[in-house]
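Residue numbers (my numbering), protein chains in the order written: chain A, 1 to 139; chain D, 1001 to 1079. Ideal placement from N, C-alpha and C gives every residue a C-beta, glycine not left out. These numbers were taken from a predicted model, which means no experiment stands behind them. For reference, the structure discussed in these notes is given below.
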Amino acid sequence: MMADEQDKPLSLVMFSGTDDKLTAAAVLAVGAAAMGRPVNLFLQYYALDAFRAGMVNADHALSPEATTAQAPVIRAHKGQHWSELLRQAKDVGEVNIQACALSMDMFGIGREDLDPIVDGIEGVAAFIASASDGQVVFI
Amino acid sequence: MTTLQIDKTIDARGMACPGPLMNLIGAIRQGQVGQVFEVLSSDEGSKTDIPAWVAKAKHELVEVNQDSGYAHFIVRKAR
Chain A
1 MMADEQDKPL
11 SLVMFSGTDD
21 KLTAAAVLAV
31 GAAAMGRPVN
41 LFLQYYALDA
51 FRAGMVNADH
61 ALSPEATTAQ
71 APVIRAHKGQ
81 HWSELLRQAK
91 DVGEVNIQAC
101 ALSMDMFGIG
111 REDLDPIVDG
121 IEGVAAFIAS
131 ASDGQVVFI
Chain D
1001 MTTLQIDKTI
1011 DARGMACPGP
1021 LMNLIGAIRQ
1031 GQVGQVFEVL
1041 SSDEGSKTDI
1051 PAWVAKAKHE
1061 LVEVNQDSGY
1071 AHFIVRKAR
């Protein structure tokens, strides 16, 4: 709708599978998509596990840096779920969510085991190719 | 105060960042060129995000008014 030719993609390597980091990554994705940048998400390790079919809305806990004082504040926050933010990102922009082939192999899961929000499975070279000369962020 | 005719008001007060912006984007996509939208937002992020998106998407930020605890953003769909 408004992607300028010079807009470089934002590519996020999603490694962490806790709800706080998934949410932080989803906020970046929706913001970049709204601003007209193509967004690539590459799901590895624990993040990939959170995108398994039927697991998206499960409790994925918080990262170890959340203190006992912070945890209930984070859990009670009224912000939208990370999966809903990603759906919005796909709605307003060009967002490509790919599962890392290595992580799929490691966990012994197939395409049918993933939530439909995941667009496909790709290897690291394809992800790097899609990242092109835009930034790559590891979360 | 504005004397503009507002075609649609989006009351996003209480929504967390980036909810108000996303609601504005959705409304503008469904609206017609020339229509004027008002967003009410208590989210601090909206103060930077809505002007940034409006400029990027080449619409027109008509005015921003601070109220008690929230702001009004008036945006005209320009294309």
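Neighbouring residues, chain D, relative to residue i (Cβ below 8 Å)
| i | result |
| --- | --- |
| A/G36 | K1056, A1057 |
| A/G31 | P1018, D1049 |
Cβ of residue i within 8 Å of any chain A Cβ
| i | result |
| --- | --- |
| D/A1016 | yes |
| D/G1019 | yes |
| D/I1025 | yes |
Short CB-CB distance (under 8 Å) between residue i and chain D
| i | result |
| --- | --- |
| A/A3 | Low confidence applies here, because A/A3 scores a pLDDT of 48, under 50, leaving its location unreliable and the question unanswered by this model. |
| A/Q80 | yes |
| A/V137 | no |
| A/V73 | no |
| A/V95 | no |
| A/V39 | no |
| A/V27 | yes |
| A/V92 | yes |
Under 8 Å between C-beta atoms of residue i and residue j
| i | j | result |
| --- | --- | --- |
| A/D19 | A/L62 | yes |
| A/C100 | A/L41 | no |
| A/A221 | A/I139 | In the structure displayed, chain A extends from 1 to 139; residue 221 of chain A sits before or after that span and is not available. |
| A/V30 | A/Q98 | no |
| A/A26 | A/D115 | no |
| D/I1050 | D/L1004 | no |
| A/S132 | A/K8 | yes |
| A/I121 | A/M106 | no |
| A/L43 | A/L28 | no |
Cβ shell of residue i (< 7 Å), same chain only, five flanking positions each side left out
| i | result |
| --- | --- |
| D/A1012 | G1019, P1020, N1023, V1039, L1040, S1041 |
| D/K1047 | A1071 |
| A/V136 | S11, V13 |
| D/G1069 | S1042 |
Own chain residues within Cβ distance below 6 Å of residue i, not counting five before or after
| i | result |
| --- | --- |
| D/G1076 | Here residue 1076 of chain D turns out to be Arg, not Gly, going by the sequence shown. Excluding sequence neighbours, D/R1076 sits near V1036, E1060, V1062. |
| D/C1017 | D1043, G1045 |
| D/I1025 | none |
Same chain only: Cβ atoms within 8 Å of residue i, ignoring 5 sequence neighbours per side
| i | result |
| --- | --- |
| A/Y46 | F15, S16, G17, T18 |
| D/R1079 | V1033, K1058, H1059 |
| A/N57 | H81, S83 |
Whole-number beta carbon distance between residue j and residue i, since they are thought to touch under 8 Å
| i | j | result |
| --- | --- | --- |
| A/G134 | A/L10 | 6 Å |
| A/A76 | A/H60 | About 16 Å; that fails the 8 Å criterion. |
| D/K1008 | A/M35 | Not confirmed; about 23 Å, so no contact. |
| A/V39 | A/E94 | 7 Å |
Within chain D, the residues that residue i reaches when beta carbons sit closer than 9 Å
| i | result |
| --- | --- |
| A/H77 | A1016 |
Cross-chain neighbours of residue i in chain D, by beta carbon under 7 Å
| i | result |
| --- | --- |
| A/Q88 | M1022 |
Contact test: residue i Cβ vs the ligand SAM heavy atom, cutoff 7 Å
| i | result |
| --- | --- |
| D/V1039 | Absence of the ligand SAM from the depicted structure is noted, as is the absence of any ligand whatsoever, leaving it without description. |
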